[in-house]
Amino acid sequence: MLIHPDYFRVLLRQNGKWILKKSRTFYNRLPIQVDFDDLQLLYGISEKQLTNELFNLANGEAGYYLADLRHKQYYYCGVEPISVKAKLLDLGIGRLDPVA
83 MLIHPDYFRV LLRQNGKWIL KKSRTFYNRL PIQVDFDDLQ LLYGISEKQL TNELFNLANG
143 EAGYYLADLR HKQYYYCGVE PISVKAKLLD LGIGRLDPVA
């Protein structure tokens, strides 16, 4: 399980298709109910625009991608799921030992 800010999304490119990894909100400070899957409403980008940005980033290579939708920053992480956690740590999000 990865814990990250709501404006980050993890995508997987596999067999020529994009898979948006579903996330689950465990804490919401907003006083209203928000659909965090509505990228257009929240961040002004459609899923099609997002996948185009990611495709251009690494020429559509298979593997995991990380999208910072708030800052419009996109990262190719590699083919292993653990590489997403490593990229988040590089960006200053999370800790190696979450208890510490």
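Under this note's numbering, residue 182 is the last one in the sequence shown; the count climbs by one each step, no gaps.
Ideal Cβ placement from N, Cα and C applies to all residues, glycine included.
All values derive from a computational prediction rather than experimental measurement.
### Message
residue 147 and residue 163 - do their beta-carbons sit closer together than 9 angstroms?
### Response
Taking the sequence shown and counting its residues from 1, one reaches residue 163 at position 81. Taking the sequence shown and counting its residues from 1, one reaches residue 147 at position 65. Taking 9 angstroms as the Cβ cut-off, residue 163 and residue 147 do not qualify as a contacting pair.
### Message
Cutting at 8 angstroms between CB atoms, please list the residues of its own chain near residue 161, excluding the five before and the five after it.
### Response
Residue mapping note: residue 161 aligns to position 79 of the sequence shown, counting from 1. Beyond the five residues adjoining it in sequence on each side, residue 161 comes within less than 8 angstroms, by CB distance, of 144, 145, 146 in the same chain, given in chain order.
### Query
Per DSSP, residue 149 is paired with what?
Locating residue 149 in the sequence shown gives position 67, where the first residue counts as 1. According to DSSP, which records beta bridges pairwise, residue 149 is partnered with 91, 156.
### Query
Nearest-angstrom Cα distance between residue 174 and residue 167?
If you number the sequence shown from 1, residue 174 lands on position 92. If you number the sequence shown from 1, residue 167 lands on position 85. If you take the alpha carbons of residue 174 and residue 167, they lie about 11 angstroms apart.
### Message
Please tell me whether, using a cut-off of 8 angstroms, the distance from the CB of residue 92 to the nearest non-hydrogen atom of the ligand ADP is below it.
### Response
The ligand ADP is absent from the structure shown, which contains no ligand whatsoever.
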